[in-house]
Structures are given as structure tokens and as C-alpha cells.
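Asker: Take a look at the following structure, please.
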Amino acid sequence: MIKRIATVAIYVEDQQKAKEFWTEKVGFEVVAEHPMGPNAFWLEVAPKGAQTALVIYPKSMMKDWNERKPSIVFECDDVLGTYETMKAKGVEFLGEPQKMQWGTFVQFKDTDGNEFLIKD
């Protein structure tokens with residue numbers, strides 16, 4: 015039986031730039047980093063203590079990367095506080111946090127234009 019999501023891949027031009035975005039601006043930590051050929055490595059980042067990680071994969075090694083769009087939602091305890099912290103660090107958001115009956119959410123972009131959502 016499947017017991018959890020292990021990883022979700024996103025495709026980037028520059029792994030080092032993406033690593034800096036996810037660790038320095040979003041606050042994730044590197045959970046795996048292994049050489050994977052010239053100028054590429056297997057890179058996983060995740061929130062501290064998380065069971066699921068993002069694989070930051072080079073577009074150059076995935077010919078159909080543009081057909082593979084991630085749909086990733088991150089859960090947090092305080093959307094407004096997380097939004098303010100990430101925004102202060104230069105993260106681009108697609109609007110202001112929205113309150114719905116089920117909770118609060120807001121979308122943001124990484125440095126490669128991939129879109130993500132945080133919710134509480």
C-alpha cells in the first residue's frame with residue numbers, strides 16, 4: 015500500500031539558483047544532494063521534518079519538461095505570517111491572501127515561473 019508522497023519534481027534552468035530560492039527565501043532545507051552527471055545533481059528540498067520533498071530537477075535532462083507542470087499545495091499554520099515573511103525575502107506572489115470557508119490561501123512563483131499555493 016502507498017503510505018505517503020515521497021517527492022514531487024519541479025523543472026528548473028539553474029539548480030543552484032533554485033536551491034537558494036527554496037532554502038533562503040522559502041525556508042526549506044536540503045535533504046538530499048547527489049551528483050547526477052556533469053553540471054547536474056539530484057537535489058531534494060523540504061520543510062524541516064517533512065516526509066515529502068521537492069526534487070529540483072534540471073530542465074536540460076528532461077526533454078518534455080514543459081509538458082510536466084507541477085500542482086503543489088503547501089500547508090502551513092499561519093498563511094498571513096508565512097506570506098509576509100516570504101514577501102519580505104523577495105518571493106513573488108500572484109495576489110494577496112484570500113480567505114475562503116475552508117481556510118486562507120495565496121499563490122507564489124519560484125525563480126523559474128513555477129506556481130505554488132500555500133494554505134492553512
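In terms of the numbering used here, the sequence shown is residues 15 to 134. The C-beta atom is built at its ideal place from N, Cα and C for all residues, glycine as well.
Is I24 closer than 8 Å to L57 when the C-beta atoms are compared?
Answerer: Result no, Cβ atoms of L57 and I24 do not sit closer than 8 Å.
Asker: Quick one, are the C-beta atoms of K39 and G104 less than 8 Å apart?
Answerer: In this structure, G104 lies closer than 8 Å to K39 by Cβ.
Asker: What runs of the alpha helix (DSSP H), each 4 residues or longer, lie entirely inside the segment 44–122?
Answerer: Listed in chain order, they are 93–102.
Asker: Leaving aside the five residues before and after V87 along the sequence, list all residues of the same chain whose C-beta is less than 7 Å from its C-beta, in chain order.
Answerer: Within the same chain, V87 has close Cβ partners L131, K133.
Asker: Would D126 and A46 qualify as a contact pair, given that the criterion is a beta-carbon distance under 8 Å?
Answerer: Going by C-beta atoms, D126 is not nearer than 8 Å to A46.
Asker: Tell me whether the beta-carbon of V120 lies closer than 8 Å to the beta-carbon of E110.
Answerer: In this structure, E110 lies closer than 8 Å to V120 by Cβ.
Asker: Could you pull the start and end residues of the beta strand (DSSP E) that E129 belongs to?
Answerer: 129–133 is the span of the beta strand (DSSP E), which, as asked, contains E129.
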